[in-house]
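Notes follow the structure.
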C-alpha cells in the first residue's frame, strides 16, 4: 500500500498540518530540524543560494569527546547537553539563520548560513564555539565550507565541511577550521586514507 503524504496533509486543518510536519521534520530531543529534513532542504537551499551576492556557508558542528561525556555522566545528562548546545547555537545566530539548523546525527549539528562570505562564516563559527565553551560543560569543533568561494556543487559543499571538521578534531578540537580548494587539490594529487 502506497501512502501519499501530500494527499493526507491536504485533508488536515492548518494546526494539524503543522503538528504532523513537526513530527516528521524536527528532532524530538532538541527541537531543531533533523537529518531527514536537511537531506530534503540542502538541494533547494543551494539552488536558492546560487542567487545570493555572497554565496552561503555550511557549518558542521560536533561536540568534542561526547561519548566520553556520556560514559562519565550518563545518557540523560548527555541528552541535556545536546539540548544546551542546540540552544547555544540558536542564540548565537541571526533570526534569519535559525531556520537552517539541523541535528545531523548523534552529537553533530549542521547550520546553513545564507549570504555570507567565508570570512564571515568563520567569525560566526568562532562565536558559536566560544558561546558553547563559556556556557556548556563541553566544547565543540566546527568545519566550514562555502558554496561559491570553496565548493561549487552540493557534494563538495558537504564533504568539504566534513573534511574541515576532521581537521579541527586532528588539531586538538575546540576549534573552527575552513576547508580550502588548495587542500582538495592536494588530496586529489595524493589521495590517502582520511583519519577521524
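Residue numbers (this note's numbering): 2 to 197. From the three backbone atoms N, C-alpha and C, an ideal C-beta is built for every residue, glycine too. Every value quoted in this text rests on a predicted model; they were computed, and no experiment measured them.
Assigned secondary structure, residue i (DSSP; H/G/I helix, E/B strand, else coil)
{"i": "residue 66", "result": "coil"}
{"i": "residue 56", "result": "coil"}
{"i": "residue 179", "result": "strand"}
{"i": "residue 196", "result": "Bear in mind that the predicted position of residue 196 carries a pLDDT of just 44, short of 50, making it unreliable; the figure below should be weighed with that in mind. Reduced to three states, the DSSP call for residue 196 is coil."}
{"i": "residue 117", "result": "coil"}
{"i": "residue 21", "result": "helix"}
{"i": "residue 71", "result": "helix"}
{"i": "residue 190", "result": "Below a pLDDT of 50, predicted positions are generally treated as unreliable, and residue 190, at 49, falls in that range; the measurement from the model is reported next regardless. It is helical."}
{"i": "residue 11", "result": "helix"}
{"i": "residue 160", "result": "helix"}
{"i": "residue 133", "result": "helix"}
{"i": "residue 93", "result": "coil"}
Top-ranked residue by Cα proximity to residue i, from the options
{"i": "residue 37", "options": "153, 70 and 110", "result": "110"}
{"i": "residue 64", "options": "55, 85 and 26", "result": "85"}
{"i": "residue 82", "options": "107, 102 and 18", "result": "107"}
{"i": "residue 181", "options": "151, 104, 29 and 172", "result": "151"}
{"i": "residue 169", "options": "144, 19 and 156", "result": "144"}
{"i": "residue 87", "options": "147, 162 and 28", "result": "28"}
{"i": "residue 105", "options": "8, 40 and 5", "result": "40"}
So, does the region 120–128 touch the region 166–182, judging by three or more C-beta pairs under 8 Å? yes
Would you check if there are 3 or more beta carbon pairs closer than 8 Å linking the region 79–93 to the region 24–39? Touching, yes, given that three or more Cβ pairs across the two stretches are closer than 8 Å.
Decide if the region 62–77 is in contact with the region 9–19; the criterion is three or more beta carbon pairs, one per stretch, under 8 Å apart. No, the region 62–77 does not touch the region 9–19.
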